[in-house]
Structures are given as C-alpha cells and as structure tokens.
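384 is the number that the working numbering gives to position 89 of the sequence shown; each next residue is one higher, with no gaps.
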Amino acid sequence: MESIALEIDFHLEVAHYMEYFGKDHPNHRLHGHSYTGKVVFAGPINPETGILIDFEETKVKLSELLTTYDHCILNEIEGIEKGSSEQLAKHIYHNASKHFPHVHSVWIERPTLGMRVQYPHV
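Structural data, given as structure tokens:
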C-alpha cells in the first residue's frame, strides 16, 4: 500500500534550566529559547478521501495541544524535568500519539544554532 508523509510545523517559546551543567555555566540558570518544530504524520493515503489526515482539523487540535509547552518552564512538566530538547521532542511525540493517528516523529530545532532533535530517530 502507498505511504505518504505530511508535516505540520510549529513554534514554541520556552524557558528551562539545565542542572547537568555546573553552576558557573550560563545554561545552569533559567533562560529561554525559541524553538521551531514539526510533527510528521505518515501512513497510507485513504482511498475514500485521497488524504492521510485532515490537515486543517489536525493543525487546530495540535496547536491546542502545544499550548502545554508554549511560554512555560519545561522543567516543571512531568517527563521533561531535565529541560532538554530531547525530552521535549519525546514528550510531544507521546502526547500527540495519544490524540492523533499516524504520528511518525517529532522534530525540535533551534535554528540559530543549527541544532535539530528527532524522536523517535528513524
């Protein structure tokens, strides 16, 4: 059966601190980032509709789900206590998978650094 991928982009403003770094390191203190990201949906094209998912409906519901993370301190969310981009991608993936079919992966990016995280890595 034919398979296709559809990506929905998003933007988050978050704060976090990383205790992993020593107390003299700037990342140890509370600081903020602008993240971009995407949720990738993949699967067969529905022969009755000709689409994988209803993009408009999914985008609206995904935006609502992402309010959990936007303008918050990541370390205060259960499952993201370390505040890492890796934990954020994993958390969004599992949260989105509970609400939407065909969730394939989640990407988190800090464009100013050229850094990207993908969960799960496929």
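No residue lacks a Cβ here, since even glycine has one placed at the ideal position from N, Cα and C. This one's a predicted model, so the numbers in the text were calculated from it and none came from an experiment.
Supposed contact pair N390 and H311 - C-beta distance, whole angstroms, cut 8 Å: About 17 Å separates the two Cβ atoms, so there is no contact after all.
By a C-beta neighbour count over all protein chains shown, 10 Å radius and 16 as the cutoff for buried, is T353 buried or exposed? buried
Helix, strand or coil, according to DSSP, for P339 in the structure here? strand
Beta-carbon spacing of E308, H386 below 9 Å: no
Counting along the chain, where does the beta strand (DSSP E) carrying Y414 start and finish? 410 to 414
Counted within 10 angstroms of its Cβ, other Cβ atoms place G378 as buried (16 or more) or exposed: buried
Classify V398 as helix, strand or coil using the three-state DSSP reduction. strand
From the DSSP output, read off the bridge partner residues of D319. D319 pairs with nothing; no bridge assigned.
Start-to-end residues for the beta strand (DSSP E) that takes in L307: 298 to 311
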